[in-house]
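Colleague:
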Amino acid sequence: MSSSGLLGGSSEPRKFDPSFKGPIHNRGCTDIICCILFVLAIVGYFAVGILAWSHGDPRKVIYPTDSRGRFCGQAGPLEKKPLLFYFNILKCASPLVLLEFQCPTTQICVEKCPDKSMTLVKALMSKEKMDFYKQFCKEGEDISKMSAPEILKNRLCPAALFASKPLSRRCLPALFPSKGKITIEGNTTFSDGEGSLVNATDLQEGAKKANKLLEARQVAMKIFEDYTQSWHWILVGLLIAMIVSLIFIVLLRYLAGIMVWVMIVLVILVIGYGIFHCVMEYIDLKGMSGSDVTIKELGLLTDFSVYLQIRQTWLAFTIILCIVEVVIILLLIFLRKRVLIAIALIKEASRSGCENSTVGLVEQVTLTIGHVMSSLFYPLLTFALLTLVIAYWAITAVFLSTSNDQIYKVFNKTDCEHSMVTCDPKTFNSSNITIECPDAECQFAFYGGESNYHKYLIFLQFYNVFLFFWCANFVTALGQVTLAGAFASYYWAYKKPDDIPPSPILSSLGRALRYHTGSLAFGSLILSIVQVIRVILEYLDQKLKGAQNKFAKFLLRCLKCCFWCLEKCIKFLNRNAYIMVAIYGKNFCTSARDAFFLLMRNILRVAVLDKVTDFLLFLGKLLIVGIVGIFSFFFFSGKIRAIEDQTPNLNYYWVPILTVVVGSYLIAHGFFSVYAMCVDTLFLCFLEDLERNDGTTERPYFMSQNLLEVLKKKNEKSPE
861 MSSSGLLGGS SEPRKFDPSF KGPIHNRGCT DIICCILFVL AIVGYFAVGI
911 LAWSHGDPRK VIYPTDSRGR FCGQAGPLEK KPLLFYFNIL KCASPLVLLE
961 FQCPTTQICV EKCPDKSMTL VKALMSKEKM DFYKQFCKEG EDISKMSAPE
1011 ILKNRLCPAA LFASKPLSRR CLPALFPSKG KITIEGNTTF SDGEGSLVNA
1061 TDLQEGAKKA NKLLEARQVA MKIFEDYTQS WHWILVGLLI AMIVSLIFIV
1111 LLRYLAGIMV WVMIVLVILV IGYGIFHCVM EYIDLKGMSG SDVTIKELGL
1161 LTDFSVYLQI RQTWLAFTII LCIVEVVIIL LLIFLRKRVL IAIALIKEAS
1211 RSGCENSTVG LVEQVTLTIG HVMSSLFYPL LTFALLTLVI AYWAITAVFL
1261 STSNDQIYKV FNKTDCEHSM VTCDPKTFNS SNITIECPDA ECQFAFYGGE
1311 SNYHKYLIFL QFYNVFLFFW CANFVTALGQ VTLAGAFASY YWAYKKPDDI
1361 PPSPILSSLG RALRYHTGSL AFGSLILSIV QVIRVILEYL DQKLKGAQNK
1411 FAKFLLRCLK CCFWCLEKCI KFLNRNAYIM VAIYGKNFCT SARDAFFLLM
1461 RNILRVAVLD KVTDFLLFLG KLLIVGIVGI FSFFFFSGKI RAIEDQTPNL
1511 NYYWVPILTV VVGSYLIAHG FFSVYAMCVD TLFLCFLEDL ERNDGTTERP
1561 YFMSQNLLEV LKKKNEKSPE
């Protein structure tokens, strides 16, 4: 039974329509409700940004602040005190606390970090030691006549000082064990000022945990330094990737058959060379000190270059590349007939004999790229819009993260109705609270806020993330509809290029924005919901890493896998739905249904033509990334002796290499995405052409005779 019979009336092939000449110009607005919802969401997004910018202060990311919110080392009374000192460093041990740029303990700005360790009890025994200790107590308080319990009760001084070193403008303990022991002047067990006893070894463990994130920040600074040293060479590498991609696309138009075979062979050779290089590195490290250490023994390090000095890393690279090589070779073997068909189709494009009044499907891919050259530069607009969306999201996230204020509460020993009430330390002494509760103190409690803004801050962060996905997907959808409309205009032009409308890209972009903003927002919304759910699942997975519930872990991984598959399916359906929107101007659901049934009626052709072509385009991207990546590796690692003097002095040579590789892939993907969108659009047009027309004089095909013969040969060998 045919798929048409199985799928019902909605799957019936399209009928011949002599008035159909490609993308319909007389169309109306679609999915208006979703368009209004999207506009309101964007307005809300701007409102969130304004709120964040009015409450947040990104200087908290750069400069440390004391408990009163004053910036250390900035103009004013703290200008000569650039370092931040924590009263209780144990409360800063959580990396999450440091990521939020706050630490829930009293903090003061100091001129220098303490260079020796002692407890408050020990300091009170000597005037000289107490004079040193006072540097790290609150200013304006006379503690000379107070006992240690009184000082700690009023939170005027820390319970103990430890020899510290400045790191990221913060004083962190520099505790180094000697023969397994830690030496501290005074008691090894002391009060943390809140009624708990803390051992010095606990402090060392807390300092280690806090140092992990700060070490990561140091690595980030080194990476930033590497970028300042190599940014111009990175730009050269990206420019080379752009030139190679453009040359490849141009050659693919004129030497399609040869280029496809060259591409396949070169991909296999490039991966083969990668395997050879990894094996040689593995052999060269044999016998070297420390090279036999395993990755598991090293653990998670912030200095990734250390991993390149052990043999197990190169063994892992070798295994991965071997698997990739074998998979590609097996795919080429098992899909050899389909690959040959795809190559034959692309060869049709290289003949460029446009004497015929009709043009073939894949021939039109290359010819369309040639006639609609502006399509090659449209990804620049998409890239610019995505950059704007990412920048707005990142800036808003930073401002939201730095929106918390210092909250002060009333602390007292005796009963007081004002206990734990929010207070202002600047006006507290002149308030009625000191009269009603003589022993009350206005002390720092935590970072946060009690306004409606602070209560819903987590929801604002979630809204920021959700709108980021929605806007990013909308920009991508806009690009797909614009390109689809331009390429479809070319396909359905009977006399090319005479019947091609002027400025097809601009015309298609105008139609998309004027009539189909709601449809694009609808498809983007569905995809964004799935992506946000995936982000939540990743967050839960991180939280459950230390849990012992294996069933919960298994269930979570199953959900992650299911939603990953769902996201891929939605992206595929959205892409084809946008093509139908560009051609017929219908709403999103109708277009998605029509595209789905059209593909289902031609499922074998989808596998033979569309997916094999996507695979060949992926090999092209892989080839460009491999070529540029190999040259960047040899250059930045200083292995090219002829230009060794030009190699910048770097902390981590993998930083520019990785940047060039990722950037090269994005550039190649940008160029090939135009080609891929052209393939998908013309493929659907080709299927429509087969259903609408029969090749007679009254109903001529819009494909070339050569392409039709290739397909007939394929169909004669096919069960279909």
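If you're matching positions, the sequence shown starts at 861 in the working numbering and goes up one per residue. Ideal placement from N, C-alpha and C gives every residue a C-beta, glycine not left out.
#1: According to DSSP, is Glu1504 helix, strand or coil?
#2: Roughly how many whole angstroms lie between the Cα atoms of Ala1455 and Glu1548?
#3: Between Trp889 and Tyr1375, is the Cβ-Cβ spacing less than 7 Å?
#4: With Ile1128 and Cys1182 assumed to form a contact (beta carbons below 8 Å), what rounded beta-carbon distance in angstroms separates them?
#5: With distances taken Cα to Cα, identify the nearest neighbour of Asn1436 among Ile892, Leu1369, Arg1453.
#6: If you scan the region 1252-1299 from start to end, which runs of the beta strand (DSSP E) of 3 or more residues do you find wholly inside it?
#7: Give the range of the alpha helix (DSSP H) segment to which Arg1453 is assigned.
#8: Would you mind working out which of Ala1020, Leu984, Ile902, Lys1410 sits nearest Ile1003, comparing C-alpha positions?
#9: At which residues does the beta strand (DSSP E) containing Cys1031 begin and terminate?
#10: Roughly how many angstroms lie between the CA atoms of Phe1328 and Ala907, to the nearest whole one?
#11: For Phe945, list the residues DSSP reports as bridge partners.
#12: Which residues mark the beginning and the end of the beta strand (DSSP E) in which Pro812 is found?
#13: What runs of the alpha helix (DSSP H), each 4 residues or longer, lie entirely inside the region 1070-1152?
#14: If you draw a straight line from the C-alpha of Thr925 to the C-alpha of Pro942, how long is it?
#15: With a threshold of 6 Å on Cβ separation, who are the neighbours of Ile1109 within its own chain once the five nearest residues in sequence on each side are excluded?
#16: For Phe1496 and Val1488, I'd like the C-alpha separation in whole angstroms.
#17: If you draw a straight line from the C-alpha of Ile1583 to the C-alpha of Cys1283, how long is it?
#18: The alpha helix (DSSP H) with Val1520 in it runs from where to where?
#19: Going by CA-CA distance only, name the one from Arg1196, Lys1156, Ile1107, Thr1178 that's closest to Met1140.
#20: What does a CB cutoff of less than 6 Å around Arg1148 pick up in its chain, not counting 5 residues either side in sequence?
#21: Is the beta carbon of Ile1180 closer than 7 Å to that of Val1153?
#22: If you compare alpha carbons, which of Asp917, Leu1317, Ala1257, His1278 is closest to Ala1300?
#23: For Phe931, which beta-bridge partners are listed by DSSP?
#24: Given Ala1176, which residues of its chain have a CB within under 8 Å of its CB, disregarding the five upstream and five downstream residues?
#25: Just the C-alpha distance for Arg1371 and Ser1451, rounded to the nearest angstrom, thanks.
#26: If you measure between the beta carbons of Ser1263 and His915, is that distance less than 7 Å?
#27: Give the DSSP-derived three-state secondary structure of Ala1381 in the structure shown.
#28: Taking the Cβ atom as the reference point for each residue, do Leu1380 and Ala1337 lie within a distance shorter than 7 Å?
#29: Please report the residue range of the alpha helix (DSSP H) in which Ala1437 lies.
#30: Using 8 Å for Cβ pairs, my map puts Pro1364 next to Tyr1350. What's the rounded Cβ distance?
#31: Taking 7 Å as the threshold (C-beta atoms), are Thr1342 and Leu1385 in contact?
#32: Which residues in the same chain have their Cβ closer than 7 Å to the Cβ of Gln1089, if we skip the five residues on either side of it in sequence?
#33: Check Ala1020 in the structure and name its three-state DSSP category.
#34: CA-CA distance, Leu1526 and Thr1473?
#35: When the distance is taken between beta carbons, is Gly1378 closer than 7 Å to Cys895?
#36: Would you mind sorting Arg1417 into buried or exposed? The rule is 16 or more other CB atoms within 10 Å of its CB.
Modeller: Let's see:
#1: helix
#2: Those two C-alpha atoms are separated by around 10 Å.
#3: Note that residue 889 corresponds to Cys in the displayed sequence, not to Trp. For Cys889 and Tyr1375, yes; Cβs fall inside 7 Å.
#4: So it is not a contact: roughly 12 Å between Cβ atoms.
#5: Here the closest residue by C-alpha is Arg1453.
#6: Runs found: 1265-1271.
#7: 1448-1461
#8: Leu984
#9: 1030-1033
#10: 14 Å
#11: Ile968
#12: Given that the chain is displayed from residue 861 to residue 1580, the structure contains no residue 812 and the question cannot be resolved.
#13: 1116-1144
#14: A direct Cα-to-Cα measurement between Thr925 and Pro942 gives close to 10 Å.
#15: Same-chain partners within the cutoff: Phe1531.
#16: 12 Å
#17: There is simply no residue 1583 to check, as the chain begins at 861 and stops at 1580 in what is shown.
#18: Residues 1514-1552.
#19: Thr1178
#20: In the sequence as presented, Arg is not what sits at residue 1148; that position holds Met. Excluding residues within five positions, none has a Cβ falling inside 6 Å.
#21: no
#22: His1278
#23: Thr925
#24: Ile1155
#25: 16 Å
#26: yes
#27: helix
#28: Ala1337 is positioned such that its CB atom lies closer than 7 Å to that of Leu1380.
#29: Boundaries of the alpha helix (DSSP H) harbouring Ala1437: 1410-1444, taken from the DSSP string.
#30: The pair is a contact, with the Cβ atoms about 7 Å apart (cut-off 8 Å).
#31: When the beta-carbon positions are compared, Leu1385 and Thr1342 stay at least 7 Å from each other.
#32: Pro1508, Asn1509, Leu1510
#33: strand
#34: 19 Å
#35: yes
#36: A residue is called buried when at least 16 other Cβ atoms come within 10 angstroms of its Cβ; Arg1417 does not meet this threshold and is exposed.
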